[in-house]
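Working notes, beginning with the structure itself.
Numbering (my numbering), first residue to last: 44 to 451.
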């Protein structure tokens with residue numbers, strides 16, 4: 044244990060076999076034992092503070108002067124090995140993710156403007172086209188695995204389209220995006236290929252503008268540099284991929300296993316919104332997020348936080364905080380006050396949550412329209428969650444349905 048963390052002697056480990064089960068039970072136990080801010084140990088027993096109270100997360104995310112994003116403030120870098128498993132989450136890059144103050148507002152504002160310029164009706168058309176093309180690849184089979192064949196494919200295809208990549212380049216880029224986010228050998232090489240392709244894309248747009256996100260960034264009055272645009276496009280692509288893919292997958296699981304939603308969603312398209320919202324409250328894709336770093340000594344929910352301490356934001360735990368939803372027996376309806384997209388200056392920037400919702404809604408509606416009798420092909424208890432406290436998603440979602448007639 045590094046010095047200066049006396050409260051972490053018997054802290055809960057946020058890694059290991061205990062995270063393979065029901066994470067909601069884990070969060071409940073931590074809350075009962077420690078309150079809304081808990082001492083925890085990350086991989087290798089690295090101490091951190093786990094913020095799992097709804098109001099406490101709101102306080103942290105809305106106070107960027109006290110809880111900042113630049114990871115170089117961390118007071119434990121001397122104790123972090125070069126092969127630490129969580130380095131991809133905390134390793135500094137010159138991207139919008141770790142920028143602060145005016146620099147962050149400049150870059151996040153440019154990204155927000157470039158994304159907000161997307162025509163929403165055109166985006167729906169793009170999403171529907173991609174979803175229909177993917178459904179057609181397995182519609183005649185009568186069976187499918189909806190995580191790898193569908194849910195995780197759609198966000199990457201959509202982002203590639205709005206970035207203006209030619210259709211011929213998209214399948215390989217999608218494979219590289221998915222591989223780059225995996226832990227298997229070859230992830231680094233796949234990430235480099237994605238970087239190189241986006242580098243070439245921005246270089247092409249310097250010569251010839253089009254109606255796409257890179258062109259809007261090049262023309263934005265914020266004056267982003269070439270390298271800033273490339274790395275921030277990478278951030279957008281990565282941030283859209285796993286959360287949106289798991290959002291789609293988790294919502295489909297809810298539809299197939301919960302009578303309330305399986306009946307209403309398949310009986311009316313408008314109910315897809317309710318199911319998507321329910322998942323954000325109960326099985327949000329981004330469970331926890333690293334994080335914020337204290338800029339000075341302070342107190343949070345009675346805990347003494349030192350300058351440079353790491354805070355892990357417990358979005359899933361905050362969404363089930365009994366202070367917010369005391370014994371709520373029914374669905375969350377249209378209540379969108381969940382913390383799944385973060386909050387404050389460094390939350391998921393406008394209009395990204397809206398665009399993600401359009402992508403997820405289109406994916407679900409198209410699937411139900413084309414395969415109205417789709418259902419699980421295994422028992423519910425055979426579905427396996429990935430053992431992670433960071434992202435909530437399934438390994439597989441096998442389904443069966445009436446095969447579509449062969450196309451002529």
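Virtual Cβ for every residue (Gly too), placed ideally from N, Cα, C.
Would you report the Cα separation of residue i and residue j, rounded to the nearest angstrom?
{"i": "residue 195", "j": "residue 289", "result": "7 Å"}
{"i": "residue 331", "j": "residue 74", "result": "15 Å"}
{"i": "residue 448", "j": "residue 183", "result": "6 Å"}
{"i": "residue 286", "j": "residue 347", "result": "32 Å"}
{"i": "residue 423", "j": "residue 411", "result": "19 Å"}
{"i": "residue 276", "j": "residue 241", "result": "7 Å"}
{"i": "residue 139", "j": "residue 283", "result": "15 Å"}
{"i": "residue 141", "j": "residue 234", "result": "19 Å"}
{"i": "residue 450", "j": "residue 406", "result": "22 Å"}
{"i": "residue 54", "j": "residue 334", "result": "18 Å"}
{"i": "residue 369", "j": "residue 71", "result": "At residue 369, the pLDDT of 48 sits below 50, so the modelled position is not reliable and the matter cannot be decided from this model."}
{"i": "residue 312", "j": "residue 65", "result": "Caution is warranted here: a pLDDT of 49 is assigned to residue 312, below 50, making its placement in the model unreliable, and the coordinate value is therefore given only provisionally. So the alpha carbons of these two residues sit roughly 30 Å apart."}
{"i": "residue 97", "j": "residue 250", "result": "48 Å"}
{"i": "residue 229", "j": "residue 221", "result": "11 Å"}
{"i": "residue 132", "j": "residue 392", "result": "18 Å"}
{"i": "residue 78", "j": "residue 109", "result": "21 Å"}
{"i": "residue 325", "j": "residue 247", "result": "43 Å"}
{"i": "residue 244", "j": "residue 340", "result": "44 Å"}
{"i": "residue 231", "j": "residue 316", "result": "36 Å"}
{"i": "residue 211", "j": "residue 413", "result": "26 Å"}
{"i": "residue 219", "j": "residue 101", "result": "35 Å"}
{"i": "residue 155", "j": "residue 260", "result": "10 Å"}
{"i": "residue 157", "j": "residue 164", "result": "16 Å"}
{"i": "residue 172", "j": "residue 253", "result": "21 Å"}
{"i": "residue 126", "j": "residue 338", "result": "26 Å"}
{"i": "residue 343", "j": "residue 162", "result": "42 Å"}
{"i": "residue 136", "j": "residue 270", "result": "12 Å"}
Tell me residue i's beta-bridge partners as DSSP assigns them.
{"i": "residue 186", "result": "443"}
{"i": "residue 355", "result": "93, 333"}
{"i": "residue 399", "result": "None, per the DSSP bridge assignment."}
{"i": "residue 135", "result": "Looking at the DSSP assignment, residue 135 forms no beta bridge with any residue, so it has no partner."}
{"i": "residue 55", "result": "83"}
{"i": "residue 72", "result": "According to DSSP, residue 72 bridges with nothing at all."}
{"i": "residue 111", "result": "336"}
{"i": "residue 434", "result": "329"}
{"i": "residue 428", "result": "437"}
{"i": "residue 419", "result": "442"}
Beta-carbon within less than 8 Å of residue i's beta-carbon, same chain only, minus the 5 sequence neighbours each way: which residues are those?
{"i": "residue 119", "result": "45, 89, 90, 351, 353"}
{"i": "residue 372", "result": "With a pLDDT of only 45 at residue 372, under 50, the local geometry of the prediction cannot be trusted, and no value is derived from it."}
{"i": "residue 436", "result": "190, 285, 288, 289, 292, 293, 328, 428, 429"}
{"i": "residue 265", "result": "149, 150, 152, 153"}
{"i": "residue 192", "result": "177, 180, 181"}
{"i": "residue 122", "result": "45, 89"}
{"i": "residue 95", "result": "70, 73, 74, 79, 80, 81, 357, 360, 361, 364"}
Spatial neighbours of residue i within its chain, please: CB distance less than 6 Å, with the 5 preceding and 5 following residues excluded, ordered by chain position.
{"i": "residue 417", "result": "442, 444"}
{"i": "residue 128", "result": "86"}
{"i": "residue 166", "result": "401"}
{"i": "residue 25", "result": "Not covered by the structure: residue 25. The range shown for the chain is 44 to 451."}
{"i": "residue 93", "result": "81, 83, 355, 357"}
{"i": "residue 60", "result": "none"}
{"i": "residue 51", "result": "82, 90"}
{"i": "residue 187", "result": "181, 442"}
Looking at the unbroken beta strand (DSSP E) that takes in residue i, where does it start and where does it end?
{"i": "residue 82", "result": "80-85"}
{"i": "residue 123", "result": "Here residue 123 belongs to no beta strand (DSSP E), and DSSP marks it neither H nor E."}
{"i": "residue 342", "result": "341-343"}
{"i": "residue 348", "result": "346-348"}
Grab the span of the alpha helix (DSSP H) containing residue i for me, first residue to last.
{"i": "residue 271", "result": "269-300"}
{"i": "residue 248", "result": "230-250"}
{"i": "residue 254", "result": "Note, residue 254: premise wrong, no alpha helix (DSSP H); not H, not E."}
{"i": "residue 320", "result": "315-325"}
Counting only the same chain and skipping the five closest in sequence on each side, list residues whose C-beta sits under 7 Å from that of residue i.
{"i": "residue 433", "result": "330, 331"}
{"i": "residue 216", "result": "203, 208, 237, 240"}
{"i": "residue 255", "result": "205, 206, 207"}
{"i": "residue 322", "result": "290, 293, 294, 297"}
{"i": "residue 69", "result": "61, 62"}
{"i": "residue 201", "result": "169, 170, 173, 402"}
{"i": "residue 257", "result": "206, 207, 244, 245, 248, 272, 276"}
State yes or no: is the C-beta of residue i nearer than 6 Å to some heavy atom of the ligand HEM?
{"i": "residue 301", "result": "What this structure holds is no ligand at all, so the ligand HEM is not there to describe."}
Of all the CB atoms in chain C, is at least one closer than 7 Å to the CB of residue i?
{"i": "residue 123", "result": "No chain C appears in this structure, which consists of one protein chain only."}
Margin query: Quick check on the DSSP output: what are the complete alpha helix (DSSP H) runs of length 4 or more inside the stretch 152-215, in order along the chain?
Written below: 163-181, 196-205
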